[in-house]
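Quick note on the UniProt record's numbering: the sequence shown kicks off at 1 and runs consecutively. Using N, Cα and C, we set each Cβ at its ideal position, and we do this for glycine too. Following: one structure in structure tokens, then a few remarks.
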Amino acid sequence: MSQKLILVKYELEDEIPIDESSENLGSSYAPQELIDWAVEKGFISEIMIRESSGEAADVPVSIIEDGVENHLESVFQHVEAELIRSIEDAHSNISKDVLIPKELDDHFSKLHSWLEVRNILKEKKEKYNNSFNIKIVVG
């Protein structure tokens, strides 16, 4: 089952995100291998958020940690390494000016997925780096 990385802006109450006020700023399907890698490395953590203002924080949400233990940079570097690998794989299907269309399509599709993920991570890093109410949710 494919999962998404969703850049979500929350309103905070006592530093706890509130779900009903959330706003999706962008999203991308994440390759399963990225999710598996991030879980293995411990880069995806679960936080509890409030369903609505004044309620207990009892809704679990998985995020790429960007607070005290900022794993966003490690995930970003991994995605860029995968992009380079995808480019190299696509290039390997060109031999003496002969293109192998099916293999190229597969590689370009994979490359596109990794680029979309990179854009979500880059937006968080560059535009919302110090915004602790904006999270990258895995779901």
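In the DSSP assignment, Ser-86 falls within the unbroken alpha helix (DSSP H) covering 72 to 91.
Contact check for Ile-49 against Val-39 fails: the beta carbons are separated by 7 angstroms or more. Ser-86 is positioned such that its CB atom lies closer than 7 angstroms to that of Leu-111. Per DSSP, Pro-101 is one residue of the alpha helix (DSSP H) stretching across 101 to 127. If you check the CB distance, Val-117 and Gln-3 do not come in under 7 angstroms. Between the alpha carbons of Val-79 and Ser-52 lies a gap of roughly 34 angstroms. Bounds of the alpha helix (DSSP H) holding Asp-36 are 32 to 41. When secondary structure is reduced to three states using DSSP, Asn-24 falls in the strand class.
DSSP, reduced to helix, strand and coil, places Ser-62 within a strand of the structure shown. According to the DSSP assignment, Ser-45 belongs to the beta strand (DSSP E) that extends over 44 to 50. In the three-state DSSP reduction, Asp-14 falls in the coil class, being neither helix nor strand. Only residues of its own chain outside the window of five on either side were considered, and among them Lys-9 have a CB closer than 6 angstroms to the CB of Glu-23, listed in chain order. Closest in alpha carbon position to Leu-83, among His-71, Lys-135, Ala-30, is Ala-30.
Taking C-beta separations shorter than 7 angstroms and ignoring five residues to either side along the sequence, the partners of Ser-21 in its chain run Tyr-10, Glu-11, following chain order.
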